[in-house]
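So the sequence shown is numbered by full-length UniProt numbering: it starts at 1 and just counts up by one. Glycine residues also receive a C-beta, built at the ideal position from the N, C-alpha and C atoms. Following: one structure in structure tokens, then a few remarks.
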Amino acid sequence: MSVETQKETLGFQTEVKQLLHLMIHSLYSNKEIFLRELISNASDAVDKLRFEALSKPELLEGGAELKIRVSFDKDAKTVTIEDNGIGMSREDAITHLGTIAKSGTADFMKNLSGDQKKDSHLIGQFGVGFYSAFIVADQVEVFSRRAGLDASEGVHWSSKGEGEFEIATIDKADRGTRIVLHLKSGEDEFADGWRLRNIVKKYSDHIALPIELPKEQAAAEGEEAPAQEWEVVNRASALWTRPRTEIKDEEYQEFYKHIGHDYENPLSWSHNKVEGKLEYSSLLYVPARAPFDLYQREAPKGLKLYVQRVFVMDQAESFLPLYLRFIKGVVDSNDLSLNVSREILQKDPIIDSMKSALTKRVLDMLEKLAKNEPEQYKGFWKNFGQVMKEGPAEDFANKEKIAGLLRFASTHEEGGEQVVSLAEYLARAKEGQDKIYYLTGETYAQVKNSPHLEVFRKKGIEVLLLTDRIDEWLMSYLNEFDGKSFVDVARGDLDLGNLDSEEEKKEAEEVAKAKEGLVERIKASLGDAVSEVRVSHRLTDSPAILAIGEADLGMQMRQILEASGQKVPDSKPIFEFNPAHPLIEKLDGEQSEERFGDLSHILFDQAALAAGDSLKDPAAYVRRLNKLLVELSV
Ligand code: ADP
Ligand code: MG
Numbered sequence: 001m002s003v004e005t006q007k008e009t010l011g012f013q014t015e016v017k018q019l020l021h022l023m024i025h026s027l028y029s030n031k032e033i034f035l036r037e038l039i040s041n042a043s044d045a046v047d048k049l050r051f052e053a054l055s056k057p058e059l060l061e062g063g064a065e066l067k068i069r070v071s072f073d074k075d076a077k078t079v080t081i082e083d084n085g086i087g088m089s090r091e092d093a094i095t096h097l098g099t100i101a102k103s104g105t106a107d108f109m110k111n112l113s114g115d116q117k118k119d120s121h122l123i124g125q126f127g128v129g130f131y132s133a134f135i136v137a138d139q140v141e142v143f144s145r146r147a148g149l150d151a152s153e154g155v156h157w158s159s160k161g162e163g164e165f166e167i168a169t170i171d172k173a174d175r176g177t178r179i180v181l182h183l184k185s186g187e188d189e190f191a192d193g194w195r196l197r198n199i200v201k202k203y204s205d206h207i208a209l210p211i212e213l214p215k216e217q218a219a220a221e222g223e224e225a226p227a228q229e230w231e232v233v234n235r236a237s238a239l240w241t242r243p244r245t246e247i248k249d250e251e252y253q254e255f256y257k258h259i260g261h262d263y264e265n266p267l268s269w270s271h272n273k274v275e276g277k278l279e280y281s282s283l284l285y286v287p288a289r290a291p292f293d294l295y296q297r298e299a300p301k302g303l304k305l306y307v308q309r310v311f312v313m314d315q316a317e318s319f320l321p322l323y324l325r326f327i328k329g330v331v332d333s334n335d336l337s338l339n340v341s342r343e344i345l346q347k348d349p350i351i352d353s354m355k356s357a358l359t360k361r362v363l364d365m366l367e368k369l370a371k372n373e374p375e376q377y378k379g380f381w382k383n384f385g386q387v388m389k390e391g392p393a394e395d396f397a398n399k400e401k402i403a404g405l406l407r408f409a410s411t412h413e414e415g416g417e418q419v420v421s422l423a424e425y426l427a428r429a430k431e432g433q434d435k436i437y438y439l440t441g442e443t444y445a446q447v448k449n450s451p452h453l454e455v456f457r458k459k460g461i462e463v464l465l466l467t468d469r470i471d472e473w474l475m476s477y478l479n480e481f482d483g484k485s486f487v488d489v490a491r492g493d494l495d496l497g498n499l500d501s502e503e504e505k506k507e508a509e510e511v512a513k514a515k516e517g518l519v520e521r522i523k524a525s526l527g528d529a530v531s532e533v534r535v536s537h538r539l540t541d542s543p544a545i546l547a548i549g550e551a552d553l554g555m556q557m558r559q560i561l562e563a564s565g566q567k568v569p570d571s572k573p574i575f576e577f578n579p580a581h582p583l584i585e586k587l588d589g590e591q592s593e594e595r596f597g598d599l600s601h602i603l604f605d606q607a608a609l610a611a612g613d614s615l616k617d618p619a620a621y622v623r624r625l626n627k628l629l630v631e632l633s634v
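Structure follows, in structure tokens:
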């Protein structure tokens, strides 16, 4: 070992300490994945070198045979993983192996419960990575040198995986990284050629560069041990270049874990080769679980881009729309140039046509999943439904396709789970129903009991119940599905079309005429608080209800605007009353103008409360109500 200089001891970032603790205690049942993670990193490091060397061939330092070597020492109880990739400088090692750069990590760590079972699921969202080495090792040493740096600028990083690590500058002749794991007592099984070979085959067969292990060779007695020979144990070809029919599910799954930095299997994948005017391969995956930073602006997204099998960049965002940012995968193009940059990608018309084709592939894959694996699709929707709802606004061309993938809670499903598709809704619609009815609101409990649903309940018509913050905004982009338009049941003058019989329509007209006087009296009493007063066809049980004007913003949109500090346009509700309700009959017969005023204001405030709105003057409501209660009790 060469001389160490500038030796210092540094502490891990708090989140790393937590992660280490979690890792060691919760991934114990699947310890062998440490090798997969370290090989995955080595492979990434080689990809990076290969790419940087395109413009700076001197980085190869005359050694262009890129590979990974895994070796072991039974006596010393060590396992060593070595690559000749890009390597790390001293600074690189301090940041990459001492901190976690992902934004939102601290918040994520707060979610950890201390319950190892639950936490080991959470870690799936986070990915595992380098620190998994400490599952089997009680000391990890990293020897590395960044390609292009002087041999004297190597780094030695070492840690027992507790609170701190040591770092020193060393001489390292070869570029790249060597990681030495000092196995914990009881983990010596990993210092074994047969065992390591099996793990590599199982998890890393898809790695596109050779992974070599020492060739087993017995030295004949009395002879000197022969020079070490190595043999390649993986297939060492890029997975996506092989024919689909030859690739096993397990291989697709392991490849996903490598590129997706995920710990769990994907839900589904789609592997395609396009030939013709454009030539490219793509392998796209739907993860099983949303990453914790799905809603963080800076969170990594996009595909891994290769040009003619050479890795070019991670997180190439231009190949998929934002609402599909959760898709992981690889695209390998024959048409792009190797020195393509992010800026070029944004402008290149080739990319636009690839983007629309890849988008379609993803939507097709999701359609298939929904059709063939409805239970899995439910899980998908729970994790990614909110993001899919951004789709219709962003991707006009695929609006109808995306709408088909949406799932909603409904009056015809117990429990408020989002499980009903629009196709299913239409398939069981009432005869003569040519609209898709929906109601938006704050919570499922609130909309489920909304008076707006009374007439629908009476007639048995299904209404979709939309309570995600984004729903009202989503619906403003969806006008129709399968030729049927959407109707917000709390908005405007509800017209049930063919669902009302001629008789019902005639009767409604007559009632409206008969109640013109009452309408005028209420209008005079409520004054500025309402935009209109009218007889309702929406109600069977409640006395009154507030409807939103046809062109006005609903409550969700108002809240979104308010939260973003924008001025919310003033709008007044429509007051509708149920002429058959005893309270309205009482109101109609009320002689005292004062009591008429009190009662109509109480009905108005109650209607606002039932709609989940807050009262402008709650004290006035309480005062009026108490006045009536006192009168009642004398
Ligand atoms: P991830 O692979 O998701 O980035 P890891 O925890 O596996 O996270 O690795 C952390 C970082 O450490 C990598 O992003 C990389 O910068 C650096 N690293 C790890 N192993 C190597 C290696 N063999 N060669 C060069 N850099 C490495
Ligand atoms: Mg990694």
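Asked, Found
"Please list the segments of the alpha helix (DSSP H) lying wholly inside the segment 157 to 235, counting only runs of 4 or more residues, in order along the chain.", "193 to 204"
"If contact is defined by three or more beta carbon pairs under 8 Å, each pair taking one atom from either stretch, is the segment 232 to 244 in contact with the segment 99 to 119?", "no"
"Buried or exposed for residue 194, please, with buried defined as at least 16 other CB atoms from any protein chain shown within 10 angstroms of its CB.", "exposed"
"For residue 285, which of helix, strand or coil comes out of DSSP?", "strand"
"How far does the beta strand (DSSP E) with residue 50 in it reach, from first residue to last?", "Note, residue 50: premise wrong, no beta strand (DSSP E); alpha helix (DSSP H) at 33 to 55."
"Run the CB neighbour count on residue 6, radius 10 Å, all protein chains shown included, and call it buried at 16 or more, exposed below.", "exposed"
"Report yes if the C-beta of residue 88 is less than 7 Å from at least one heavy atom of ligand 1; otherwise report no.", "yes"
"Three Cβ pairs or more, each shorter than 8 Å: is that satisfied between the segment 452 to 465 and the segment 537 to 550?", "yes"
"Please check the pair residue 658 and residue 9, which I expect to be a contact at CB under 8 Å, by giving their CB distance rounded to whole angstroms.", "Since the displayed the chain opens at 1 and closes at 634, residue 658 lies outside it and no answer follows."
"Count the other CB atoms within 10 Å of the CB of residue 73; is the residue buried (16 or more) or exposed (fewer)?", "exposed"
"Is the beta carbon of residue 534 less than 8 Å from the beta carbon of residue 574?", "yes"
"With distances taken between CB atoms, is the gap from residue 566 to residue 471 smaller than 8 Å?", "no"
"So which of 152, 420, 330 and 249 has the shortest CA-CA distance to residue 315?", "330"
"Quick check: does the Cβ of residue 303 come within less than 7 Å of any heavy atom belonging to ligand 1?", "no"
"If the criterion is Cβ atoms closer than 8 Å, does the pair residue 462 and residue 411 meet it?", "yes"
"Mind pulling the beta strand (DSSP E) runs of 3 or more residues that sit fully within the segment 238 to 288?", "268 to 274 and 280 to 286"
"Under 7 Å from any heavy atom of ligand 2, does the C-beta of residue 111 make it?", "no"
"Can you tell me where the alpha helix (DSSP H) holding residue 99 begins and where it ends?", "No alpha helix (DSSP H) contains residue 99, which DSSP labels as neither H nor E."
"Going by the C-beta, is residue 176 closer than 7 Å to any heavy atom of ligand 2?", "no"
"So, for residue 37: in the same chain, excluding its five sequence neighbours on each side, which residues have a beta-carbon less than 8 Å away from its beta-carbon?", "128, 129, 130, 132 and 133"
"For residue 528, collect the residues of the same chain with a Cβ closer than 8 Å to its Cβ; drop the 5 residues on either side in sequence, then sort them by chain order.", "572"
"Would you say residue 262 touches ligand 1, meaning its beta carbon is less than 7 Å from a heavy atom?", "no"
"Given that a residue counts as buried once 16 or more other Cβ atoms are within 10 Å of its Cβ, and exposed if not, what is residue 396?", "exposed"
"Rounded to the nearest angstrom, what separates residue 408 and residue 59 at their Cα positions?", "55 Å"
"Can you tell me where the alpha helix (DSSP H) with residue 132 in it begins and where it stops?", "That residue, residue 132, is in no alpha helix (DSSP H); it is neither H nor E in DSSP."
"What's the gap between the Cα of residue 304 and the Cα of residue 81?", "24 Å"
"What are the boundary residues of the alpha helix (DSSP H) that residue 356 is part of?", "349 to 372"
"Taking the straight line between their C-alpha atoms, what separation do you get for residue 115 and residue 148?", "46 Å"
"Under 8 Å, do residue 334 and residue 54 count as touching if we go by C-beta distance?", "no"
"Tell me whether residue 254 counts as near ligand 2, meaning its Cβ is closer than 7 Å to at least one heavy atom of that ligand.", "no"
"Go through its chain and collect everything with a Cβ distance to residue 531's Cβ below 8 Å, but skip five positions before and after it.", "549, 571, 572, 573 and 574"
"Below 7 Å, is the gap between the Cβ of residue 41 and the nearest heavy atom of ligand 1?", "yes"
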